[in-house]
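The sequence shown stops at residue 146 when you use my numbering, and every number in between is there.
Note that beta-carbon positions come from the ideal geometry of N, C-alpha and C, so glycine has one too.
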Amino acid sequence: VRELEAELDAEQKKHAEALKGVRKHERRVKELAYQAEEDRKNLARMQDLVDKLQSKVKSYKRQFEEAVSALGPGHLDRAPQLCPRVCGQEQQANTNLAKYRKAQHELDDAEERADMAETQANKLRARTRDALGPKLSLSPQHKE
Numbered sequence: 003v004r005e006l007e008a009e010l011d012a013e014q015k016k017h018a019e020a021l022k023g024v025r026k027h028e029r030r031v032k033e034l035a036y037q038a039e040e041d042r043k044n045l046a047r048m049q050d051l052v053d054k055l056q057s058k059v060k061s062y063k064r065q066f067e068e069a070v071s072a073l074g075p076g077h078l079d080r081a082p083q084l085c086p087r088v089c090g091q092e093q094q095a096n097t098n099l100a101k102y103r104k105a106q107h108e109l110d111d112a113e114e115r116a117d118m119a120e121t122q123a124n125k126l127r128a129r130t131r132d133a134l135g136p137k138l139s140l141s142p143q144h145k146e
């Protein structure tokens with residue numbers, strides 16, 4: 003009887019440790035899912051900003067071309083004076099596009115980490131179920 007009680011105690015300790023590990027991984031999965039959602043929102047904002055800036059760049063280029071054509075052939079020497087504004091806006095758009103691409107890459111990485119953590123949590127759950135065997139089961143308060 004004592005041997006069985008000792009074995010039961012050992013199994014209960016294993017079970018408690020496994021549950022602790024599962025909860026820890028589930029928390030990590032939730033954290034990563036939250037981070038992925040935040041990254042998704044930031045990505046959407048960045049995409050909107052990129053779209054607006056690209057639209058502005060097109061508008062400035064069009065204005066520049068109209069201004070150059072309005073100067074006529076004899077006044078093309080004034081064209082470089084118009085360029086800094088347009089070129090600066092294009093540079094800013096390119097910078098923001100690079101930021102957008104970086105945010106997209108970070109989002110992809112965060113989603114990949116979340117998937118890996120979820121897979122790990124599922125493996126732990128399966129291991130816990132296997133360790134508990136058919137006789138023991140999770141109490142209702144631990145089931146999710």
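Quiz item: Is DSSP giving residue 145 helix, strand or coil here?
Solution: Note that residue 145 has pLDDT 47, beneath the 50 cutoff, so the model's placement of it is unreliable and no number is given.
Self-check item: Own chain, CB closer than 6 angstroms to residue 122, minus 5 neighbours either side, in chain order
Solution: 27
Quiz item: Which residue from 54, 29, 92, 129 puts its Cα closest to that of residue 66?
Solution: 92
Quiz item: Quick one: Cα of residue 127 to Cα of residue 22, how far?
Solution: 11 angstroms
Quiz item: Is it buried or exposed for residue 36, if we count other Cβ within 10 angstroms and need 16 for buried?
Solution: exposed
Exercise. Could you say if the stretch 4-15 and the stretch 110-122 meet the contact criterion of at least three C-beta pairs nearer than 8 angstroms?
Key: no
Quiz prompt | Which of helix, strand or coil DSSP assigns to residue 24 | solution = helix
Quiz item: Hey, how far is the Cα of residue 106 from the Cα of residue 46?
Solution: 9 angstroms
Practice problem: Using 7 angstroms as the cut-off, classify the Cβ of residue 42 as near or not near the heavy atoms of the ligand SAH, replying yes or no. | Solution: What this structure holds is no ligand at all, so the ligand SAH is not there to describe.
Quiz item: For residue 94, which of 72, 133, 53 has the nearest alpha-carbon?
Solution: 53
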